[in-house]
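Asks: Okay, handing you the structure first.
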Amino acid sequence: MIEIEHLTKRYGTTTVVDDVSFEVDEGSLTVVVGTSGAGKSTLLRMINRLVEPSAGRVLIDGEDTRTIPEEELRHRIGYVIQGYGLFPHRNVAANIATVPRLLGWDRKKIAQRVDELLDLFQLDPAEFAQKFPHELSGGQQQRVGVARALAARPSLLLMDEPFGALDAVIRAKAQDDLLAIQRRLGTTIVLVTHDMNEAFHLGDHIAVMDQARLLQHATPAELLMHP
Ligand code: ADP
Ligand code: ADP
Numbered sequence: 017m018i019e020i021e022h023l024t025k026r027y028g029t030t031t032v033v034d035d036v037s038f039e040v041d042e043g044s045l046t047v048v049v050g051t052s053g054a055g056k057s058t059l060l061r062m063i064n065r066l067v068e069p070s071a072g073r074v075l076i077d078g079e080d081t082r083t084i085p086e087e088e089l090r091h092r093i094g095y096v097i098q099g100y101g102l103f104p105h106r107n108v109a110a111n112i113a114t115v116p117r118l119l120g121w122d123r124k125k126i127a128q129r130v131d132e133l134l135d136l137f138q139l140d141p142a143e144f145a146q147k148f149p150h151e152l153s154g155g156q157q158q159r160v161g162v163a164r165a166l167a168a169r170p171s172l173l174l175m176d177e178p179f180g181a182l183d184a185v186i187r188a189k190a191q192d193d194l195l196a197i198q199r200r201l202g203t204t205i206v207l208v209t210h211d212m213n214e215a216f217h218l219g220d221h222i223a224v225m226d227q228a229r230l231l232q233h234a235t236p237a238e239l240l241m242h243p
């Protein structure tokens, strides 16, 4: 379980995330939804400590993230940034292998993991492992981005607008694929979007943010009854 307690971020005199608290159950998917500038990305980046909170803390399975070494945190928390952040000069296999390489896995284990992930994301290893990001469609790049984030079997996956760049038809399929993969792997996910439809489609819980504050944290059914 992830416990987010009173997370706050101030830049100078501006508070961009203001005292946000909620819990994320093991194996569940929480969508953080809100308009641009609400503080969603900053909240996500405080969870993996790419942004240092001004106040508050995050517990992962009861452990304060401040006590977890940086390398272990990168291992335990996968992160898909907006636009996926694929390294343009590395092929698909090398992109997916990024974190396992940082962790010093041996070559054979890395190669097996890359093949396994390509299969999981319906990308034939023989066709795709050696391709470069610019040779892929948007939907294929998106799958490689998620595969890379899952490579070291993180217990938590953070996703920032992971479908924002996809057109409507591909987006719907990518959303359903994510749900299927999540059910299969049991990964806990926190996903950020500005799209309320996406929040209702994907979320077990929805956290609504506006102007740095958490307005609601509820299930989709509860939000429909008490909007
Ligand atoms: P969202 O993801 O909801 O669009 P962000 O978390 O990206 O929101 O940004 C929230 C607010 O914090 C915005 O007003 C943004 O300009 C501000 N902000 C984000 N990062 C910084 C920073 N490093 N320095 C100053 N202000 C920042
Ligand atoms: P480079 O040679 O380009 O510095 P490295 O192999 O040293 O690349 O990898 C560092 C890069 O890996 C960083 O730019 C960072 O963004 C990325 N990275 C580290 N941890 C993760 C992670 N958990 N998920 C996605 N990318 C990561």
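Plus 16 on top of the position in the sequence shown (first one is 1) and you've got the working numbering. Note that beta-carbon positions come from the ideal geometry of N, C-alpha and C, so glycine has one too. Remember, it's a predicted structure, so these values are computed and weren't measured experimentally.
Label residue 27 either buried or exposed according to how many other C-beta atoms from any shown protein chain fall within 10 Å of its C-beta, with 16 as the threshold for buried.
Replies: The residue is exposed, with fewer than 16 neighbouring Cβ atoms inside 10 Å.
Asks: Just how far apart, CA to CA, sit residue 121 and residue 238?
Replies: So the alpha carbons of these two residues sit roughly 44 Å apart.
Asks: Which same chain residues, not among the five before or five after residue 209, have their C-beta less than 7 Å away from its C-beta?
Replies: Taken in chain order, the residues that qualify are 47, 49, 177, 215.
Asks: Do residue 160 and residue 102 have their CB atoms nearer than 8 Å?
Replies: In this structure, residue 102 lies closer than 8 Å to residue 160 by Cβ.
Asks: What are the boundary residues of the alpha helix (DSSP H) that includes residue 114?
Replies: Note, residue 114: alpha helix (DSSP H), 114–118.
Asks: Give me the Cα-Cα distance between residue 31 and residue 233, rounded to the nearest whole angstrom.
Replies: Cα to Cα, residue 31 sits roughly 20 Å from residue 233.
Asks: How do the region 168–176 and the region 200–207 stand: do at least 3 beta-carbon pairs fall below 8 Å, yes or no?
Replies: Touching, per the Cβ criterion.
Asks: By Cβ distance, which residues of its chain are closer than 7 Å to residue 133, with the 5 residues on each side in sequence left out?
Replies: These residues qualify, in order along the chain: 112, 163, 166, 167.
Asks: Classify residue 94 as helix, strand or coil using the three-state DSSP reduction.
Replies: Reduced to three states, the DSSP call for residue 94 is strand.
Asks: Is residue 55 near ligand 1, with its Cβ less than 7 Å from a heavy atom?
Replies: Checking the Cβ of residue 55 against ligand 1 gives yes.
Asks: Evaluate residue 57 with the Cβ neighbour count: other Cβ atoms within 10 Å of its Cβ, from every protein chain shown; 16 or more gives buried, anything less gives exposed.
Replies: The residue is buried, with at least 16 neighbouring Cβ atoms inside 10 Å.
Asks: If residue 191 sits next to residue 45, beta carbons under 8 Å apart, how far is it from one beta carbon to the other, in whole angstroms?
Replies: Actually they do not touch by this definition, with Cβ atoms about 11 Å apart.
Asks: Which stretch, first to last residue, makes up the beta strand (DSSP E) that contains residue 229?
Replies: From DSSP, the beta strand (DSSP E) with residue 229 extends over 229–234.
Asks: How is residue 88 classed by DSSP in three states: helix, strand or coil?
Replies: In this structure, residue 88 counts as helix in the three-state DSSP scheme.
Asks: Pop quiz: residue 84 and residue 20 are said to be a contact at Cβ under 8 Å. What is the actual Cβ separation, rounded to whole angstroms?
Replies: Going by Cβ atoms, the distance from residue 84 to residue 20 rounds to 15 Å, so no, they are not a contact pair.
Asks: According to the neighbour-count rule (16 or more other Cβ atoms, all chains shown, within 10 Å of its Cβ), is residue 17 buried or exposed?
Replies: Residue 17 comes out exposed.
Asks: State the Cα-Cα distance for the pair residue 128 and residue 70, rounded to the nearest angstrom.
Replies: Using only the alpha carbons, I get a separation of about 41 Å.
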